[in-house]
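*Asks:* Input: one structure, supplied below.
Residue numbers (full-length UniProt numbering): 1 to 195.
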């Protein structure tokens, strides 16, 4: 009976649920000193500190749906390349992504940072995917190994589609080429009808 008394006096063992951790890398302009990574969600900054392993400060954010949404985000410049922001997400959002709600403002769009490259790792052990959306440059070619490690996640694929569409829509030369192609097709169609 004494062993059952001891068991009843013990504190119940806390079960630690391992939070999903993901990380993205976003290249910024050299002049940009902010620690803001626009990923489509609204965040509330609750702290900032300098860490031992990096001279650049780390900013701490909570999802604006907190306390009902447990997701936290840490943003810090990369030690190796200070033009890259590393955002680490802990947890999963328990509400729809704002883009799924029809949000179209630039502040709510998924990673509308202009045309900036980013990398995403869908889990701490998963592969890193690099997507370079900087201004057209022949040196900005996605590595074949990286492109072969795509996520099967439909949400991530939608993210990529949104990013490409956003990037193309902001490119004046693409708009001009598209307009020329459309007007050329219309002109050819009209001339064909006259014959």
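Beta carbons are placed, not taken as given, at the ideal position from N, Cα and C, and that holds for glycine.
The structure displayed is predicted, hence computed values, not measured ones.
Cβ atoms of residue 71 and residue 90: under 8 Å apart, would you say?
*Replies:* Translated into the one-based positions of the chain shown, residue 90 becomes position 90. Translated into the one-based positions of the chain shown, residue 71 becomes position 71. Contact: yes.
*Asks:* Tell me the residue span of the beta strand (DSSP E) that contains residue 59.
*Replies:* Taking the chain shown and counting its residues from 1, one reaches residue 59 at position 59. Residues 54–63.
*Asks:* Count the other CB atoms within 10 Å of the CB of residue 39; is the residue buried (16 or more) or exposed (fewer)?
*Replies:* By one-based count along the chain shown, residue 39 stands at place 39. That one is buried.
*Asks:* Taking all protein chains shown into account, do 16 or more other C-beta atoms lie within 10 angstroms of the C-beta of residue 49, making it buried, or fewer, making it exposed?
*Replies:* What you label residue 49 is simply residue 49 of the chain shown in a count that begins at 1. Per the 10 Å Cβ criterion, exposed.
*Asks:* Helix, strand or coil, according to DSSP, for residue 21 in the structure here?
*Replies:* The residue given as residue 21 occupies position 21 in the chain shown. Strand, per DSSP.
*Asks:* Mapping the DSSP letters down to three states, classify residue 90 as helix, strand or coil.
*Replies:* What you label residue 90 is simply residue 90 of the chain shown in a count that begins at 1. Three-state result, residue 90: strand.
*Asks:* Secondary structure at residue 175, three-state DSSP: helix, strand or coil?
*Replies:* Stepping through the chain shown from its first residue, residue 175 is reached at position 175. Note: residue 175 maps to helix in three-state DSSP.
*Asks:* For the region 80–89 and the region 20–31, state whether three or more C-beta atom pairs, one from each stretch, are separated by less than 8 Å.
*Replies:* yes
*Asks:* List the whole-angstrom C-beta distance separating residue 94 from residue 64, where the pair is believed to meet the contact cut-off of C-beta under 8 Å.
*Replies:* Along the chain shown, read from residue 1 onward, the residue named residue 94 stands at position 94. Along the chain shown, read from residue 1 onward, the residue named residue 64 stands at position 64. Going by Cβ atoms, the distance from residue 94 to residue 64 rounds to 13 Å, so no, they are not a contact pair.
*Asks:* Would you call residue 19 buried or exposed, if buried means 16 or more other Cβ atoms sit within 10 Å of its Cβ?
*Replies:* Taking the first residue of the chain shown as position 1, residue 19 is located at position 19. By the neighbour-count rule (16 or more Cβ atoms within 10 Å), residue 19 is not buried but exposed.
*Asks:* I need the straight-line Cα distance from residue 176 to residue 66, nearest angstrom please.
*Replies:* Mapped onto the chain shown, residue 176 falls at position 176. Mapped onto the chain shown, residue 66 falls at position 66. Taking the straight line joining both Cα atoms gives about 44 Å.
*Asks:* Going by beta-carbon coordinates alone, are residue 86 and residue 78 separated by less than 8 Å?
*Replies:* Along the chain shown, read from residue 1 onward, the residue named residue 86 stands at position 86. Along the chain shown, read from residue 1 onward, the residue named residue 78 stands at position 78. Cβ atoms of residue 86 and residue 78: closer than 8 Å.
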